[in-house]
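Reviewing the structure listed below.
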Amino acid sequence: MIRLLQLLCLAGVLLQCEGQGLQTCLVHPTYRPAENADITVSCGTDQMFLKVLLCPMYFGGYNETLMALNAKFNIPACHGVADWTVNPPVLLFNFSISQEALTICGNNMNITSQVGSGVFSEFSQIQSVNVSGLINSWDPSISTITYRQQLMYQFSCLYPLQYLINNTELSVSGVSLAVKDNNGTFISTLSMGLFSTPDYSNKLQIPGSGLQLKTRIYVKVKATNLTNKFNVLLDRCYATTSPYPVTSTSYDLFVGCTRDAQTKIHTNGISQEAHFSFEAFRFVEHKNLTISTFYLHCATRLCENSTCAALLPRCVRKREVESPEYNSSDVATVSSGPIKTRVDNGNDTSSASIPQLTYAGIATGLLSFFLLDWLSTSGLA
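Numbering-wise (full-length UniProt numbering), the sequence shown opens with residue 1 and increments by one.
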C-alpha cells in the first residue's frame, strides 16, 4: 500500500513537471537523444558543480525529479535543481567534496600517485585526487517491461595535487596566490605573509634602507577557500638573488630535515597554516652593495589530513637528515617580494608596510608571474 502511494505521488510530480517542462522542450533544439556532451563539470576547491541539459531527459521519457546522484533517489540532497530561465534549460547539481557530503550521495574519492617528472622530478611521488560518480535516471514504470532507455551521466574531477608557482617579488610582506579552477584543479589561495613578531600579528615593515642583519623574520604560509580535507605542508623554503630562481644564486633555509642553523620550523603539515622563522642575512655576491636584496620562495604542498603525518620528513636529528621520499598533495612555490638587508647598523630613516598582492593562474605546472618592481612604483627605491 505504501509503495502504491509513493508511485501515485511520484506520478503526480511527474505529470506536473512534464506539464511545465515538456512544452518548453518540444520546441527546443536540444529535445533529442542524450549525448556525452550534455553534461558540464566544474571542479572547485570545496565543491563540484554539474550542469546537465534537461530536454534530452524529457526526450527519453524522464524529468528532473527522476534524476539523482548515484541512484540515491530517496535522498533530497542528491537531486538536482532545474533551471528553466537559461537557454538551454539545465539541471544543476552541486555538492561538497568533504568526506561526509561525498558519502551521503555515494560519490567516490580516490588518491592516486605517480612518479614526479619535470620541475617535480625531485619528488618521488606526485599525488592526485579523483572525485567521481554518476547521475542516474529512475524508470517509474510499474509494468514488467519498459521501453525507456536508462540515462547515466558519468562525471569526475581530477585534482593534481602538485603545483609550482614562482616569481613574485619579496619587497612585499604578503603575497596571495590564487590557484584558479580549471575543471580539475583546486581553487585555492596560498598566501605568504611576513611578520615581525612570533604571534604573527604584526606585519613586517621593511625600511627603505633595508632590514638590520639578524632581524628575525616570521613567515606564515596559509591556504584559504579550500576544503578542510587538506593541510599545508612546506617541502622547501629558500632565498634567491632574483625573482627567477632557476637563473639566480639560491640558499636553502630548509629542505625536508636539512635546515639552516638560524631557521626554526614552528608548525608544518598539521593545519591549513604553516609557520617558520629565519634571521635576515646578506648574499656574499652583494658585498659591494649597500643593500642586499633577496627573494623568498616556499615549495608548498597540500596533504590529505590522514596522510600528512606520513609525508612529513622523519628527522633522526634536528639537522642533516633528508626525507627519503616525498608524496605530494598540492604544491605551489609561493614567493614574496624583495627582502632588503643593509650593511651598517644605522637608524631606520623610513619604513613601509608591504602591500598584499594577488595573482591568478591555472595551476597545472610551473607558473610564472612577472611583476613590476614594487619599490619603483612606491617611490622607496
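For each residue, glycine too, the CB sits at the ideal point set by N, CA and C.
*From the DSSP output, in three-state form, read off residue 286 for me.*
Within the sequence shown, residue 286 is the residue found at index 286, counting from 1. Secondary structure of residue 286 (DSSP, three-state): helix.
*Is the beta carbon of residue 108 less than 8 Å from the beta carbon of residue 133?*
Working through the sequence shown from its first residue, we reach residue 108 at position 108. Working through the sequence shown from its first residue, we reach residue 133 at position 133. Contact flag set, yes.
*Return yes when the Cβ of residue 303 is within less than 8 Å of the Cβ of residue 269, no when it is not.*
As a first step, residue 269 is located in the sequence shown; it is residue number 269 there, counting from the start. As a first step, residue 303 is located in the sequence shown; it is residue number 303 there, counting from the start. Contact: yes.
*Would residue 384 pass as a contact of residue 222 if the rule is Cβ separation under 8 Å?*
Residue 384 lies beyond the residue range present for the chain, which begins at 1 and ends at 381; the question has no answer from this structure.
*Return helix, strand or coil for residue 96, following the three-state DSSP convention.*
Stepping through the sequence shown from its first residue, residue 96 is reached at position 96. Under the three-state reduction of DSSP output, residue 96 falls in the strand class.
_Residues in the same chain with beta-carbon distance under 6 Å from residue 20, minus the five sequence neighbours each way, listed in chain order, please._
The sequence position of residue 20 within the sequence shown is 20, counting from 1. Taken in chain order, the list of residues that qualify is empty.
*Roughly how many whole angstroms lie between the Cα atoms of residue 75 and residue 229?*
On the sequence shown, position 75 is the one that residue 75 refers to. On the sequence shown, position 229 is the one that residue 229 refers to. The C-alpha of residue 229 is placed about 24 Å away from the C-alpha of residue 75.
*Going straight from the alpha carbon of residue 204 to that of residue 210, what length do you get?*
As a first step, residue 204 is located in the sequence shown; it is residue number 204 there, counting from the start. As a first step, residue 210 is located in the sequence shown; it is residue number 210 there, counting from the start. Whole-angstrom Cα-Cα distance: 12 Å.
_Under 8 Å between C-beta atoms of residue 50 and residue 135_ = Within the sequence shown, residue 50 is the residue found at index 50, counting from 1. Within the sequence shown, residue 135 is the residue found at index 135, counting from 1. Closer than 8 Å, so yes.
*For residue 305, which three-state DSSP category applies?*
Reading the sequence shown from its first residue, position 305 is the one you call residue 305. It is helical.
*By the 10 Å Cβ neighbour count, where 16 or more other Cβ atoms means buried, how is residue 82 classified, buried or exposed?*
Position 82 of the sequence shown, counted from the first residue, corresponds to residue 82. It is buried - the Cβ of residue 82 has at least 16 other Cβ atoms within 10 Å.
*asked:* Quick check on DSSP: helix, strand or coil for residue 24?
replied: Counted from its first residue, the sequence shown places residue 24 at position 24. In the structure shown, residue 24 adopts helical secondary structure according to DSSP, grouped into three states.
*Under the assumption that residue 138 contacts residue 92 (Cβ atoms under 8 Å), give the Cβ distance between them as a whole number of angstroms.*
Taking the sequence shown and counting its residues from 1, the one referred to as residue 138 is at position 138. Taking the sequence shown and counting its residues from 1, the one referred to as residue 92 is at position 92. Incorrect: roughly 18 Å between the Cβ atoms, too far for contact.
*What span of residues does the beta strand (DSSP E) with residue 230 cover, start to end?*
As a first step, residue 230 is located in the sequence shown; it is residue number 230 there, counting from the start. Run containing residue 230: 230-240, per the beta strand (DSSP E) assignment.
*With distances taken from CA atoms, which of 79, 35, 220 and 26 is nearest residue 296?*
As a first step, residue 296 is located in the sequence shown; it is residue number 296 there, counting from the start. Per the Cα distances, 220.
_Need the endpoints of the alpha helix (DSSP H) that residue 55 sits in, please._
Residue mapping note: residue 55 aligns to position 55 of the sequence shown, counting from 1. Where residue 55 is concerned, the enclosing alpha helix (DSSP H) stretches over 55-59.
*Would you decide whether residue 48 is buried or exposed? Buried here means 16 or more other CB atoms lie within 10 Å of its CB.*
On the sequence shown, position 48 is the one that residue 48 refers to. Buried, because 16 or more other Cβ atoms sit within 10 Å of the Cβ of residue 48.
*residue 240 and residue 294 closer than 8 Å at C-beta*: One-based indexing of the sequence shown puts residue 240 at position 240. One-based indexing of the sequence shown puts residue 294 at position 294. It is a contact, given that the beta carbons lie within the stated cut-off.
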